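Right, one structure below, let's go through it.
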Amino acid sequence: MIDPFAPFDRQCMARALQLARLGWYSARPNPRVGCVIARDGRVVGEGYHHRAGEPHAEVNALAAAGPRARGATAYVTLEPCNHQGRTGPCSRALIDAGVAEVVYAMADPHPIAGGGLDTLRAAGIRVRGPLLEAEARALNPGFIKRCGTGLPRVTVKLAMSLDGRTAMASGESQWITGPAARRDVQRLRAASDAVVTGVGTVLRDDPSLNVRAEALGLPDAEDIARHQPLRVIVDSGLRTPPSARLLQLPGPVLIAAARTDPAVDFSAAANRPEILPFAASGGRVDLAALFRELARRDCGEVLVEAGAELAGALVAAGLVDQLVVYMAPKLMGSNARPLLTLPLDAMGQSIGLAITEICAVGEDWRITAQPAR
């Protein structure tokens, strides 16, 4: 089969993908997008989407190219948007700039913003693609899933000893893993639109679950930490105390309950949470309904940092897309708590996993796996 793309096409798209990654932490909840403008075999403009509400990648690249964009080719990692939101449609910006051709990596899955390719073609602009589609899709898996299913991409983060234990019988769990793994978790949080935990974890560990600039180890850490993910507490009975650390720190907090009780008073909390009911049978929270609501709020990437019970319930319900397990080189013994509360009685009930990555993180190991569907 003849490759319709020249080496220069691939080079420019690879550069656009590289640019898109610069918005890894800052672009959310918008997709990470990069753009390269080339003319006469030479790059004349580059750009990427920095953050929501600011110009998109194409507009930034066109600004860098200036008048050299007329008659040029634009390489963009995602189909140019066709929607007037906080910023104008990129398809119109490319048309107005006089671009002659657009090469795209993947089509836009968004039901409203899509349609940019048709608009470009109607304006007489040549359109080619997809090019390096798999690489482009890997940039925005949460955005793609949210647009296609109405659910976010859910990652459950777990930490365990070599013998699969997460806490001592007393509940003591700090610290199973070392500083490098904890820094890695900070970066997972920073790349997430929401961080979910259970009320048991709040009562037992009183976590902050925020992004801390000093713990990220990144050059732009202060800027990243200004954009905190939504923190969500699954608390069916509204047992979260107003003094909880999550409620003393800046950044939005949502409590997902099975009921709303006006007797619960969070006025003493420095950061008053939003409380929403997601009632299911047995007085528990409907987790699928919660995740649908998070997707409706433009949360594409959701990180779960919870105990064995909530993590196990999510896996059992088929709501987990990815497990990220940090394994420490230590043994905690048979009295310690297991990784997941997942009561299975027969080998035939076991849940298969596809391991996608194993790598060292300091003295620990990080295992990334996807539940078999």
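Just so we're aligned, residue 4 is where the sequence shown starts under the numbering used here, counting upward by one. Ideal placement from N, C-alpha and C gives every residue a C-beta, glycine not left out. All figures in this text were calculated on a predicted structure; none of them were measured in a lab.
query: So that I know if they touch, is there some Cβ in chain C lying closer than 8 Å to that of R295?; result: Absent here is chain C; the protein component of the structure consists of one chain.
query: DSSP state of T158, grouped into three classes?; result: strand
query: Between C84, N33, A77, which lies nearest to E49 when the distance is taken from Cα to Cα?; result: A77
query: Please list, in chain order, all residues of the same chain as G151 whose beta carbon is under 8 Å from its beta carbon, the five residues on each side excluded.; result: P112
query: In the DSSP output, which residue or residues are listed as bridge partners for V307?; result: V159, V199
query: Along the chain, where does the beta strand (DSSP E) that runs through R42 open and close?; result: 37-42
query: Can you tell me where the alpha helix (DSSP H) with C150 in it begins and where it stops?; result: 144-152
query: Determine whether the beta carbon atoms of V307 and I370 lie at a separation below 8 Å.; result: no
query: Use the C-beta contact count for E61: other C-beta atoms within 10 angstroms, 16 or more gives buried, fewer gives exposed.; result: buried
query: Going by DSSP in three states, C15 sits in which element: helix, strand or coil?; result: helix
query: In the DSSP assignment, what are the bridge partners of V46?; result: A41
query: Quickly, what does DSSP pair E360 with across the bridge? List them, please.; result: T371
query: What are the residues that DSSP puts in a beta bridge with Q325?; result: T158
query: Out of curiosity, what's the CA-to-CA distance linking D12 and R124?; result: 19 Å
query: Does C125 come out as helix, strand or coil in the three-state DSSP assignment?; result: Note on residue identity: the sequence assigns Ala, not Cys, to residue 125. Correct three-state label for A125: helix.
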